[in-house]
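Q: Mind looking over this structure? Questions follow.
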C-alpha cells in the first residue's frame with residue numbers, strides 16, 4: 009500500500025475529528041432558569057398519548073439547538089377537548105382537532121425547521137378554541153412560576169421538556185393548555201397530565217460550511233490521486 013501524502017493525511021485527520029465531535033455533541037439542549045423545576049412526566053397509565061416508562065425532565069425550561077442541524081417535529085397525539093395548534097417558524101403545522109378548514113393532524117405527521125448555530129428553536133403552542141382560546145406559550149417564554157406553582161384553575165399554558173432517548177438529540181414536548189403545574193401522583197385537578205398535545209423533536213447534524221469545504225477538498229484530492237495513477 010502506498011503512503012498517504014501529507015495533505016491527504018491532514019484532510020483525513022480533520023474529517024476524522026469532525027466525525028468524532030459530531031458523534032459526541034448533543035444537538036439539542038434543555039436550558040433552565042431560576043424558575044425551572046425538575047420533575048417527572050407521568051407517562052404510562054396516567055398519560056393518554058405515550059405508553060412507555062416515565063420520563064424525567066423540566067417544567068419552565070426552553071429548548072435550544074447547539075449547532076447546525078435539521079430539526080424534525082413529529083406529532084405524537086393529543087388528549088384534549090380544546091382545539092390546540094403547534095406553530096413552527098410562525099406557521100401553524102399541527103392541529104389536534106378539525107378547525108377552520110384544517111383537518112386534525114394524524115399521529116406520525118412531521119414538520120421541519122433548521123438551525124445554523126447555537127440558537128433558540130422557533131416553536132410555540134396555542135389554544136384556538138376552548139376556555140383558554142387566544143392563549144399559548146412559545147419557546148423562550150416558558151418560564152412563568154404561576155404556570156406550574158400556584159395555579160388553582162385555568163391559567164397560563166406550559167410545556168414539559170424531557171429527553172426521549174439517551175442520544176440527547178430527541179426531546180419530548182408535552183403541552184398543558186389549562187395552566188400546567190408540576191405533576192404529582194394522584195393529581196388529577198385541572199387535567200394536569202401534559203398530554204393536550206405531545207411532540208417529539210429530533211435533531212440531525214448538518215455539516216457546517218468549513219466542513220463542506222474539507223469534504224470538497226478531499227474529493228478533489230482523491231480525484232487527483234486517481235488521475236496520477238492513470
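Numbering (the numbering used here), first residue to last: 9 to 238.
Cβ atoms here follow ideal geometry from the backbone N, Cα and C, with glycine treated the same way.
Verify the contact flag: residue 202, CB atom, against every heavy atom of the ligand PLP, threshold strictly below 7 Å.
A: Although the ligand PLP was asked about, the structure shown includes no ligands whatsoever.
Q: Whole angstroms is fine: what's the gap from residue 70's alpha carbon to residue 88's?
A: Your numbering for residue 70 matches position 62 in the chain shown. Your numbering for residue 88 matches position 80 in the chain shown. Residue 70 and residue 88: Cα-Cα distance of roughly 23 Å.
Q: Just to confirm my understanding: we take residue 127, look at its own chain, exclude 5 residues before and 5 after, and list those with CB closer than 7 Å. What are they?
A: Mapped onto the chain shown, residue 127 falls at position 119. So the list reads 72, 73, once near-sequence residues are dropped.
Q: Would residue 204 and residue 86 qualify as a contact pair, given that the criterion is a beta-carbon distance under 8 Å?
A: Reading the chain shown from its first residue, position 196 is the one you call residue 204. Reading the chain shown from its first residue, position 78 is the one you call residue 86. Yes, the Cβ-Cβ distance between residue 204 and residue 86 is below 8 Å.
Q: With residue 117 and residue 213 assumed to form a contact (beta carbons below 8 Å), what rounded beta-carbon distance in angstroms separates them?
A: For the purposes of this step, residue 117 is taken as residue 109 along the chain shown, with counting starting at 1. For the purposes of this step, residue 213 is taken as residue 205 along the chain shown, with counting starting at 1. With a Cβ gap of about 23 Å, residue 117 and residue 213 do not count as contacting.
Q: Should residue 185 go down as buried or exposed, given a rule of 16 or more other Cβ atoms within 10 Å for buried?
A: Translated into the one-based positions of the chain shown, residue 185 becomes position 177. Residue 185 comes out buried.
Q: In the DSSP assignment, find the unbroken beta strand (DSSP E) run with residue 80 in it and report its ends.
A: The residue labelled residue 80 in the question sits at position 72 within the chain shown. Note, residue 80: beta strand (DSSP E), 77-85.
Q: What three-state label does DSSP hand residue 102 in the structure shown?
A: In the chain shown, residue 102 corresponds to position 94, counting from 1. Three-state DSSP puts residue 102 in a strand.
Q: Is it the case that the Cβ atoms of residue 131 and residue 94 are separated by a distance below 8 Å?
A: Position 123 of the chain shown, counted from the first residue, corresponds to residue 131. Position 86 of the chain shown, counted from the first residue, corresponds to residue 94. Against a cut-off of 8 Å, the Cβ pair of residue 94 and residue 131 comes out as a contact.
Q: I'd like to know whether the C-beta atoms of residue 121 and residue 144 end up nearer to each other than 8 Å.
A: Indexing the chain shown from 1 puts residue 121 at position 113. Indexing the chain shown from 1 puts residue 144 at position 136. The answer is no: Cβ separation not under 8 Å.
Q: What does a CB cutoff of less than 8 Å around residue 211 pick up in its chain, not counting 5 residues either side in sequence?
A: Here residue 211 corresponds to residue number 203 of the chain shown, with the count starting at 1. Taken in chain order, the residues that qualify are 35, 36, 73, 77, 78, 79, 80, 123, 177, 178.
Q: With a threshold of 16 other CB atoms inside 10 Å of the CB of residue 109, please say whether the residue is buried or exposed.
A: The count along the chain shown starts at 1 and reaches residue 109 at position 101. With fewer than 16 other Cβ atoms within 10 Å, it is exposed.
Q: Would you kindly work out how many angstroms separate the C-alpha atoms of residue 107 and residue 91, rounded to a whole number?
A: Within the chain shown, residue 107 is the residue found at index 99, counting from 1. Within the chain shown, residue 91 is the residue found at index 83, counting from 1. Approximately 7 Å, taken between the alpha carbons.
Q: Quick check on residue 47: buried or exposed, where buried means 16 or more other Cβ atoms within 10 Å of its Cβ?
A: One-based indexing of the chain shown puts residue 47 at position 39. By the 10 Å Cβ count, residue 47 comes out buried.
Q: By DSSP's criteria, residue 72 is part of a beta bridge. Which residues make up the other side?
A: If you number the chain shown from 1, residue 72 lands on position 64. DSSP, once it has assigned bridges, lists 37, 128 as partnering residue 72.
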